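Q: Numbering (our numbering), first residue to last: 38 to 315.
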Ligand SMILES: Nc1ncnc2c1ncn2[C@@H]1O[C@H](COP(=O)(O)OP(=O)(O)OP(=O)(O)O)[C@@H](O)[C@H]1O
Ligand SMILES: [Mg+2]
């Protein structure tokens, strides 16, 4: 745990000394099912926060709400002190907060470089598909290409720039998702299961990239089932179960918290929380 959390109590909804995100009373239900019921949530700036919890806990739904892809029945949430209630995903991206996007079918049929251009388009609010038509960017175009080149080299995808995104391996796709999100220079980046489907050879490099982003001053919030990874890189862990935040703290203490262990057991989850699990 870094000093930033020295004064933060290890309890659900704990206020942080310098929050970049604050959410209050966020409630999302689907019919009779409560997916998210978060009373208070804060993310400390310049740190790596992990959001964990058993399957169906509401983690992805909460991510979608925070990034404008879904709307809650009630709640308010702020980014850098500005309310994001009712704000579109594109506007949220322009405000400096970006969630990675899984490579959908449409994106698979675009090249790696086209995907990067799209990341830039999301930043400027350009029309999604017009952004891909040559010439529409004019002045910005070379700037965007230069930036894409730097990022693709950094993520070791430059050789693949003209390949279809659909031809990439699981790990390379995760790298592309991250590289694309960085096209808009976000202050904060949100990753939903960055390690899912990644082979061990690329795991280390993905971890290094995430830590590097923190070293550059970015704030990272990620959802992950791989507890080895959570323990390795996160400064702070927030645990959700049945829509609520049930525990918070540094990785070492949170995973031995009985309430957390009960939540995982109750959900018949196969995640091993023990220290020697990898
Ligand atoms: N669009 C939807 N319509 C109906 N129910 C939904 C919808 N999206 C999510 N849910 C339900 O809300 C609950 C929370 O789902 P969510 O995907 O947020 O969980 P999660 O914590 O991300 O789980 P996992 O670890 O499996 O990804 C689940 O019971 C899920 O079935
Ligand atoms: Mg999920």
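Backbone N, C-alpha and C fix where the C-beta goes; we use that ideal spot for every residue, glycine too.
Quantities reported herein were computed from a predicted structural model and do not represent experimental measurements.
So which residues put a beta carbon under 7 Å from any heavy atom of ligand 2, going in chain order?
A: The set, ordered by position in the chain, is 96, 97, 229, 230, 260.
Q: Assuming residue 137 contacts residue 218 (C-beta within less than 8 Å), just tell me the rounded distance between them.
A: The Cβ separation is near 5 Å, so the contact holds.
Q: Could you tell me the boundaries of the alpha helix (DSSP H) in which residue 82 lies?
A: It is not in any alpha helix (DSSP H) - residue 82 carries neither H nor E in the DSSP assignment.
Q: Under a three-way DSSP split, which group does residue 228 fall into?
A: Here residue 228 sits in strand by DSSP.
Q: Could you please give the first and the last residue of the uninterrupted beta strand (DSSP E) stretch that includes residue 62?
A: Per DSSP, residue 62 belongs to the beta strand (DSSP E) from 56–67.
Q: Within 10 angstroms of its Cβ, does residue 52 collect 16 or more other Cβ (buried), or is it exposed?
A: Residue 52 should be labelled exposed.
Q: Take residue 83 as the anchor and find which of 54, 48, 97, 61 has the nearest alpha-carbon.
A: Answer by Cα proximity: 54.
Q: Would you identify the three-state DSSP class for residue 301, choosing helix, strand or coil?
A: Helix at residue 301.
Q: Going by DSSP, which residues form a beta bridge with residue 130?
A: Beta-bridge pairing links residue 130 to no other residue.
Q: How close, in whole Å, do the beta carbons of residue 297 and residue 88 come, if the pair is a contact with beta carbons under 8 Å?
A: That pair is no contact at about 13 Å.
Q: Whole alpha helix (DSSP H) runs in the stretch 246–292 with 4 or more residues, listed along the chain?
A: For the stretch 246–292, whole alpha helix (DSSP H) runs of length 4 or above, ordered along the chain, are 264–270, 288–291.
Q: Count the CB pairs spanning the stretch 281–296 and the stretch 41–50 that are closer than 8 Å, and state whether there are at least three.
A: These segments touch.
Q: Going by C-alpha distance, which of 310, 311, 258, 266 is nearest residue 79?
A: With distances taken between Cα atoms, residue 79 lies closest to 258.
Q: Using the Cα positions of residue 260 and residue 123, report the straight-line distance between them to the nearest angstrom.
A: Distance between the alpha carbons of residue 260 and residue 123: 23 Å.
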